[in-house]
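Asks: Residue numbers (full-length UniProt numbering), protein chains in the order written: chain Y, 1 to 237; chain A, 1 to 271; chain B, 1 to 247.
Virtual Cβ for every residue (Gly too), placed ideally from N, Cα, C.
Small disclaimer: the values here were computed from a predicted structure and weren't measured.
Just passing along the structure, written as structure tokens.
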Amino acid sequence: MQDFAQEFTTAMTLILTGDSELWAIVLLSLQVSVMAVLIAAVIGMPLGAALAVARFPARRLVIVLLNALMGLPPVVVGLLVYLVLSRSGPLGVLQLLYTPTAMIVAQVVLVMPIIAALTRQTVETLDAEYAEQLRSLGVSRLASVPTLLWDGRIALATALLAGFGRAIAEVGAVIIVGGNINHVTRVMTTTIALETSKGNLALALALGVILIGMAISVTGLVSLLSLRQEGEAMRHA
Amino acid sequence: MIGTWIRAGVLAIGLGATAAVAQENFIVVQSTTSTQNSGLLDAILPEFQELSGVEVRVVAVGTGQAIKNAMNGDGDVLLVHAKPAEEKFVSDGWGVSRQDVMYNDFVLIGPSADPAEIAGGKDIVAALSAIAKAQAPFASRGDDSGTHKAELRHWGDTGIDVAAASGDWYRETGSGMGATLNAATGMGAYVLSDRATWIAFGNKDGMEVLVEGDPRLFNQYGVILVNPDRHPGVKAVEGQAFIDWLTGDAGQAAIAGYTRDGQQLFFPNAK
Amino acid sequence: MRDLPVLEMGQQPMIEAEGLRIGRNGERLLDLRYLALDGPGPTLIMGPNGAGKSLLLRCLHGLIAPDAGQVRQDGVPIGAESRARQGMVFQTPVLLRRSVAANLDYVLKRHRLTRARRRARIEALLAEGGLAGKGRQSARSLSGGEGQRLAILRALATEPDVLFLDEPTSALDPAATQDIEAMILRAARRGTRIVMVTHDIGQARRLGHDIVLMHQGRIAEHSLAHDFFDDPQSQAGRRFLAGSLVL
Chain Y
1 MQDFAQEFTT AMTLILTGDS ELWAIVLLSL QVSVMAVLIA AVIGMPLGAA
51 LAVARFPARR LVIVLLNALM GLPPVVVGLL VYLVLSRSGP LGVLQLLYTP
101 TAMIVAQVVL VMPIIAALTR QTVETLDAEY AEQLRSLGVS RLASVPTLLW
151 DGRIALATAL LAGFGRAIAE VGAVIIVGGN INHVTRVMTT TIALETSKGN
201 LALALALGVI LIGMAISVTG LVSLLSLRQE GEAMRHA
Chain A
1 MIGTWIRAGV LAIGLGATAA VAQENFIVVQ STTSTQNSGL LDAILPEFQE
51 LSGVEVRVVA VGTGQAIKNA MNGDGDVLLV HAKPAEEKFV SDGWGVSRQD
101 VMYNDFVLIG PSADPAEIAG GKDIVAALSA IAKAQAPFAS RGDDSGTHKA
151 ELRHWGDTGI DVAAASGDWY RETGSGMGAT LNAATGMGAY VLSDRATWIA
201 FGNKDGMEVL VEGDPRLFNQ YGVILVNPDR HPGVKAVEGQ AFIDWLTGDA
251 GQAAIAGYTR DGQQLFFPNA K
Chain B
1 MRDLPVLEMG QQPMIEAEGL RIGRNGERLL DLRYLALDGP GPTLIMGPNG
51 AGKSLLLRCL HGLIAPDAGQ VRQDGVPIGA ESRARQGMVF QTPVLLRRSV
101 AANLDYVLKR HRLTRARRRA RIEALLAEGG LAGKGRQSAR SLSGGEGQRL
151 AILRALATEP DVLFLDEPTS ALDPAATQDI EAMILRAARR GTRIVMVTHD
201 IGQARRLGHD IVLMHQGRIA EHSLAHDFFD DPQSQAGRRF LAGSLVL
């Protein structure tokens, strides 16, 4: 067996001493996943809220479908996005394959259903409580959406986190559409996959520890923010 | 206050992601896991990039997938190791021409305990027959890669139908060389690997080279420019410049100079 | 059945409902020939569980569209327009997940008041509801009585003509109930027409000007409060006061 302790120490030293290669990878991971979550939120939140508030014939079916899409296999998403962005694909002219943009696209596809479905759930639960009262206050169905989104902000922050967690931890899609190209599309998860296949298990594990650390930090940051938001909302009534 | 920071951070992240795409002067090389996992390309590419100003972006997949990606136009240069498939790629018009770049050899790896008693042999076909006879576990790439194709060629020479043993002692990982070596280590299985990946591999735990030196284990790498007539997006000038460098004196010297643990991993043989 | 105590002849009924019918799965939930609320109020709607009291209140406020019939305010069929001149308070206060002041501001903003005027109005409302100094507190952290007071303040914030209340004190202790009854009476004195559902006969005696007694989706009796309590005209009324009217 390799000397795990020693390798692990080496890896952690790289991290703590600010090894520029490693930090570039960490930063790219954050860039890609944060962008993906933001875009997915811009699309997914209004979609989820609309689905919660609107009534139309196939609504139940759409909800079941959306919930099912929460579990999209990353590899399949990667393959689909590859086929679309490939030079021979319909959007090949954009030359996005093997770029961070392609990785963002794939993660948006993965994360959007999660945010939309959780938003739908949150807004629908809140709507059940608020609907009569808001109607009484003269708020139309459409105008009630921003109110429901804002009052569901804590739960929605959690939805964003769930999306971020999925994006940052995902490897199957980004390795296909990003290509794991050194200095261009190599992110935490693809680096871990690469180091594992090189047999550098301790280094891979150390990178995994950073990844977990990042997930925990982001979660903590968002929880902190939502607490502050709560406070500010009260002060600025 | 924190809100402002977050907004600034998000902005910076957005700009950063855009900037990473902005670099225009690059080519995409579809290559195999062995060139990446062995560390060769990471070691020699900076020299070419400095010389030419062209960034080389390597997508490392199995040879089969690399060829398919190139056929889709998702690469400018193909650097793989499955000569018959490469020649077909060119004759079908997907590539301009094929050139030899370098070679190394395949080695048969196995657990030190060696249940099939093949250690020290020089005949790959005899060794595989012994493994089959002992029904000792054998880990195959199973991914249509160059190494997988080579392995199947040797099994073909033994006359043994490994497909019949699939899932029994013959185990196909469907993964890259490194992942398959990890699997073999975990199962105590025999496995055919290119020498370069094996030397650079960090998880050798209880595994060693048992059979080597059979001329049939020769492993030739070739390089091909993807045909710009088929895919107008191909960066033919930059791609050809890379091929010229790789097969020229400087590139060949760089390949010869790459060592791990004092061992040379690839042997340049461009004509 | 005595349908209507007429107070001032010739006066246009403020709120009138005609031929209201609501059924579900063949069951009659509400079936009302005619109801006029034209007195000064407060009008207290009473009756056993399932009599259709809340349903009637929601119809009058326009939250539920009846299967048949019409509700008019000042002669005009109700809609979003008239609802803007009405307020409603529910049994369990529905408070936004924001501060106390933000709950009031939410309504005032919709009426396009300037920031300064909204601020002043919020201060006045908080004082009126005994919530002065609690503006920044989270609305969801208020006690039951405070929460209901905030809900009433919010309904009153835009000075509606009519305030509907659906058993606003049923979950509260006597002290909290007293505060809320006082608020309701003050609103009534300022000219807000009160229409309120209650289970509590004592409360109906304390607050009611006229009583609507409902039974099985119909109006059993509509009388002035002292008439109703002294000498109920309907059999349902007599049994209700005797405590023996169930469903």
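#1: Given this structure, state the Cα-to-Cα distance separating A:L108 from A:V209, to the nearest angstrom.
#2: Comparing alpha-carbon positions, which option in A:G120, A:M177, A:T247 and A:I124 lies nearest A:A60?
#3: Label A:A22 either buried or exposed according to how many other C-beta atoms from any shown protein chain fall within 10 Å of its C-beta, with 16 as the threshold for buried.
#4: So, do the stretch 45-59 of chain B and the stretch 98-106 of chain B have three or more beta carbon pairs nearer to each other than 8 Å?
#5: Under the three-state reduction of DSSP, which class applies to Y:I104: helix, strand or coil?
#6: Could you tell me the distance, in whole angstroms, from the CA atom of B:I122 to the CA atom of B:A182?
#7: What in chain B is Cβ-close to Y:D151, meaning under 8 Å?
#8: Please say whether B:A176 and B:L125 have beta carbons closer to each other than 8 Å?
#9: Quickly, what does DSSP pair Y:Y82 with across the bridge? List them, please.
#10: Between A:R195, A:R171, A:Y190 and A:A200, which has its C-alpha nearest A:M207's C-alpha?
#11: CB Y:A36 to CB Y:A167, shorter than 8 Å?
#12: Any beta carbon of chain Y sitting closer than 8 Å to that of B:A84?
#13: Count the other C-beta atoms from every protein chain shown that fall within 10 angstroms of the C-beta of A:V161, then say buried if there are 16 or more, exposed otherwise.
#14: Using the three-state DSSP reduction, which class does A:N104 fall into: helix, strand or coil?
#15: Determine the direct distance from the alpha carbon of A:T63 to that of A:V223, and round the result to whole angstroms.
#16: Using a Cβ-Cβ cut-off of less than 8 Å, give me the residues of the stretch 219-232 of chain A that come near chain Y, in sequence order.
#17: Output needed for A:V125: all residues of its chain with C-beta closer than 7 Å, excluding positions within five of it in sequence on either side, in chain order.
#18: Can you name the residues that DSSP bridges to A:V206?
#19: If we define contact as Cβ-Cβ less than 8 Å, is Y:I137 a contact residue for chain B?
#20: Quick one: using the 10 Å Cβ neighbour count with 16 as the cut-off for buried, is A:Q263 buried or exposed?
#21: For a cutoff of 8 Å on Cβ pairs, would you count Y:L224 as touching chain B?
#22: Could you tell me which chain Y residues have their CB closer than 9 Å to the CB of residue 273 of chain A, listed as they occur along the chain?
#23: Give the DSSP bridge partners of A:A60, in chain order.
#24: Just verifying my parser: in three-state terms, what is the DSSP assignment at Y:M70?
#25: Thinking just about the alpha-carbon of each residue, which of A:D123, A:H81, A:A132 and A:T259 is nearest to the one in A:P215?
#26: Between the stretch 107-141 of chain Y and chain B, which residues of the former have CB atoms less than 7 Å from a CB of the latter, in chain order?
#27: Can you grab the Cα-Cα spacing for the pair A:A90 / Y:A50, in whole Å?
#28: Here's the rule I'm using: 16 or more other beta-carbon atoms within 10 Å means buried, otherwise exposed. How should Y:T13 be labelled?
#29: Using a Cβ-Cβ cutoff of 9 Å, what residues of the stretch 82-97 of chain Y are near chain A? List them in chain order.
#30: Measure how close the beta-carbons of B:R154 and B:L104 come, nearest whole angstrom, since I'm counting them as under 8 Å.
#31: Residues in the same chain with beta-carbon distance under 8 Å from A:S97, minus the five sequence neighbours each way, listed in chain order, please.
#32: Could you run through the stretch 195-216 of chain Y and flag, in chain order, every residue whose CB is less than 9 Å away from some CB of chain A?
#33: Please work out which residues of its chain come closer than 8 Å, Cβ to Cβ, to B:G19, disregarding the five sequence neighbours upstream and downstream, and give them in chain order.
#34: If we ignore side chains and look at the alpha-carbon of each, how far apart do Y:L227 and Y:L149 end up?
#35: Quick check on this structure: which residue in B:Q216, B:R72 and B:M88 has the alpha carbon closest to the alpha carbon of B:E27?
Replies: Once the coordinates are examined:
#1: Within the second sequence, residue 108 of chain A is the residue found at index 108, counting from 1. Within the second sequence, residue 209 of chain A is the residue found at index 209, counting from 1. Between A:L108 and A:V209, the alpha-carbon positions lie close to 6 Å from each other.
#2: As a working note, residue 60 of chain A is residue 60 in the second sequence. Residue nearest to A:A60 within the set A:G120, A:M177, A:T247 and A:I124 is A:M177 (criterion: CA-CA distance).
#3: Position 22 of the second sequence, counting from 1, holds the residue named residue 22 of chain A. Low confidence applies here, because A:A22 scores a pLDDT of 44, under 50, leaving its location unreliable; read the following figure in that light. Flag for A:A22 reads exposed.
#4: Contact between the stretch 45-59 of chain B and the stretch 98-106 of chain B is not established, with fewer than three Cβ pairs separated by less than 8 Å.
#5: Reading the first sequence from its first residue, position 104 is the one you call residue 104 of chain Y. In the structure shown, Y:I104 sits in a helix (DSSP, three-state: H, G or I).
#6: Looking up residue 122 of chain B in the third sequence gives position 122. Looking up residue 182 of chain B in the third sequence gives position 182. Using only the alpha carbons, I get a separation of about 19 Å.
#7: By 1-based counting over the first sequence, the position of residue 151 of chain Y is 151. Within chain B, the residues whose beta carbon sits less than 8 Å from that of Y:D151 are L96, R97 and R98, listed in sequence order.
#8: Taking the first residue of the third sequence as 1, we reach residue 125 of chain B at position 125. Taking the first residue of the third sequence as 1, we reach residue 176 of chain B at position 176. Cβ atoms of B:L125 and B:A176: not closer than 8 Å.
#9: Sequence index remark: in the first sequence, residue 82 of chain Y carries index 82 (1-based). Note: Y:Y82 sits in no beta bridge, so no partner.
#10: Numbered from 1 along the second sequence, position 207 holds the residue referred to as residue 207 of chain A. Of the candidates A:R195, A:R171, A:Y190 and A:A200, the one whose C-alpha sits nearest the C-alpha of A:M207 is A:Y190.
#11: Position 36 of the first sequence holds residue 36 of chain Y. Position 167 of the first sequence holds residue 167 of chain Y. Going by C-beta atoms, Y:A36 is nearer than 8 Å to Y:A167.
#12: Sequence index remark: in the third sequence, residue 84 of chain B carries index 84 (1-based). Judged by the 8 Å Cβ criterion, B:A84 is in contact with chain Y.
#13: In the second sequence, the residue the question calls residue 161 of chain A occupies position 161. The question names Val, but residue 161 of chain A is Asp in the sequence shown. Taking all protein chains shown into account, A:D161 has fewer than 16 neighbouring C-beta atoms within 10 Å of its C-beta and is therefore exposed.
#14: Position 104 of the second sequence, counted from the first residue, corresponds to residue 104 of chain A. Three-state DSSP puts A:N104 in a strand.
#15: Position 223 of the second sequence, counting from 1, holds the residue named residue 223 of chain A. Position 63 of the second sequence, counting from 1, holds the residue named residue 63 of chain A. For the pair A:V223 and A:T63, the Cα-to-Cα distance works out to about 12 Å.
#16: Taking 8 Å as the Cβ-Cβ cut-off against chain Y, the residues of the stretch 219-232 of chain A that qualify are H231.
#17: Start at 1 with the first residue of the second sequence, and residue 125 of chain A comes out as number 125. Counting only Cβ-Cβ distances below 7 Å, and skipping sequence neighbours, we find H154, D157 and T158.
#18: Along the second sequence, one-based indexing puts residue 206 of chain A at 206. For the record, residue 206 of chain A in the displayed sequence is Gly; it is not Val. Partner(s): none; A:G206 has no beta bridge.
#19: Locating residue 137 of chain Y in the first sequence gives position 137, counting from the first residue. First, the amino acid is wrong: residue 137 of chain Y is Leu here, not Ile. Chain B, which has a Cβ nearer than 8 Å to the Cβ of Y:L137, makes this yes.
#20: Residue numbering aside, residue 263 of chain A sits at position 263 when the second sequence is read from its first letter. Exposed, because fewer than 16 other Cβ atoms sit within 10 Å of the Cβ of A:Q263.
#21: For the purposes of this step, residue 224 of chain Y is identified with residue 224 of the first sequence, where counting begins at 1. Among the residues facing chain B, Y:L224 is not included, as its CB has no counterpart in that chain under 8 Å away.
#22: Outside the shown range of chain A, which is 1 to 271, sits residue 273 of chain A, and nothing can be said about it.
#23: Here residue 60 of chain A refers to the residue found at position 60 of the second sequence. In DSSP, A:A60 forms a bridge with A:S31.
#24: As a working note, residue 70 of chain Y is residue 70 in the first sequence. In the structure shown, Y:M70 adopts coil according to DSSP, grouped into three states.
#25: In the second sequence, residue 215 of chain A corresponds to position 215, counting from 1. Among A:D123, A:H81, A:A132 and A:T259, the Cα nearest to that of A:P215 belongs to A:D123.
#26: For the stretch 107-141 of chain Y, residues whose beta-carbon sits nearer than 7 Å to a beta-carbon of chain B comprise E129, Y130, E132, Q133, R135, S136, L137 and G138.
#27: The residue labelled residue 90 of chain A in the question sits at position 90 within the second sequence. The residue labelled residue 50 of chain Y in the question sits at position 50 within the first sequence. Residue 90 of chain A is actually Val in this sequence, not Ala. Their backbone Cα atoms lie some 53 Å apart in a straight line.
#28: As a working mapping, residue 13 of chain Y is identified with position 13 in the first sequence. That one is exposed.
#29: Within the stretch 82-97 of chain Y, the qualifying residues are Y82, L83, L85, S86, R87, S88, G89, G92, V93, Q95, L96 and L97.
#30: One-based indexing of the third sequence puts residue 154 of chain B at position 154. One-based indexing of the third sequence puts residue 104 of chain B at position 104. About 6 Å; that satisfies the 8 Å criterion.
#31: Translated into the one-based positions of the second sequence, residue 97 of chain A becomes position 97. Hits under 8 Å: V90, I224 and L225.
#32: Against chain A - using a Cβ distance shorter than 9 Å - the residues of the stretch 195-216 of chain Y are E195, T196, S197, K198, G199, N200, L201, A202 and L203.
#33: Translated into the one-based positions of the third sequence, residue 19 of chain B becomes position 19. Around B:G19: L32, R33, Y34, A68, G69 and Q70.
#34: The residue given as residue 227 of chain Y occupies position 227 in the first sequence. The residue given as residue 149 of chain Y occupies position 149 in the first sequence. Whole-angstrom Cα-Cα distance: 17 Å.
#35: In the third sequence, counting from the first residue as 1, residue 27 of chain B sits at position 27. Comparing Cα-Cα distances from B:E27 to each of B:Q216, B:R72 and B:M88, the minimum goes to B:Q216.
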